[in-house]
Every structure is written in C-alpha cells, then in structure tokens.
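Peer 1:
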Amino acid sequence: MADEFIKGFGILTGAGLVWMVLAGWYQTPSFFMTNQLIAPPPEPGNVFDAISIFLIDVFLWTAILGALTFWILIPAGREAAAAIESRRESS
C-alpha cells in the first residue's frame with residue numbers, strides 16, 4: 031500500500047507543481063486580485079502560449095485523477111479481486 035501511496039503522491043505533487051507554475055504565468059492577471067490561478071487565460075500570442083494554456087488543464091486533471099487512481103481505485107480493485115478469489119475458494 032505504501033507503494034501506491036507514494037506513486038499517487040508523486041503524481042499529485044509533480045503535476046500540481048507544473049499546474050501552479052503554468053497557472054501562475056497565464057491565469058494570474060495581478061497578485062493583488064482575489065482570482066489568482068483561476069482567472070480566465072489570455073488569448074495565446076503564439077504556439078507556445080497555446081500549448082501552455084492547454085497544458086494547464088491537462089496537468090490539473092492529471093494531478094487529481096492520478097492521485098485518486100493510486101489512492102482509491104487500485105486498492106479498491108485489489109480488495110475486490112481478493113474478495114472474489116476468497117469467495118471462489120470457499121465454494
């Protein structure tokens with residue numbers, strides 16, 4: 031279980047860090063406003079801006095779904111497989 035925890039934590043921190051950096055660059059119009067990191071992004075000026083703005087959402091969802099996968103879905107799947115196997119052996 032510790033292996034799944036550290037994998038999920040690594041995905042959460044790595045993708046979360048990249049999300050915070052990109053959102054800080056593109057979605058923070060002013061550091062004195064209350065909507066930092068969640069303001070609508072500006073219109074992309076070139077291809078690299080467009081790719082970065084697209085990657086903001088990709089890294090946010092990677093952080094959320096990656097952590098949930100390793101912390102909830104994989105352990106639940108293993109428990110379900112073990113329960114099915116023990117039920118199969120007992121009958």
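So for the sequence shown, my numbering puts the first residue at 31; every next one is plus one.
Idealized CB from N, CA, C, for every residue including glycine.
Treat the numbers as computed from the prediction; the structure is a model and nothing was measured.
1. For Leu47 and Ala111, what's the separation of their Cα atoms in angstroms?
2. Among Asp79, Glu109, Thr99, which one has its Cα closest to the Cα of Leu52?
3. At what residues does the alpha helix (DSSP H) containing Ile91 begin and finish?
4. Looking at the secondary structure, which residues open and close the alpha helix (DSSP H) in which Met50 lies?
5. What is the rounded straight-line gap between the Cα of Leu90 and the Cα of Trp49?
Peer 2: Here's the rundown:
1. 34 Å
2. Asp79
3. First, the residue type needs correcting, since residue 91 is Trp and not Ile in the sequence shown. It spans 77–98 - the alpha helix (DSSP H) in which Trp91 sits, taken as one unbroken run.
4. 32–56
5. 6 Å
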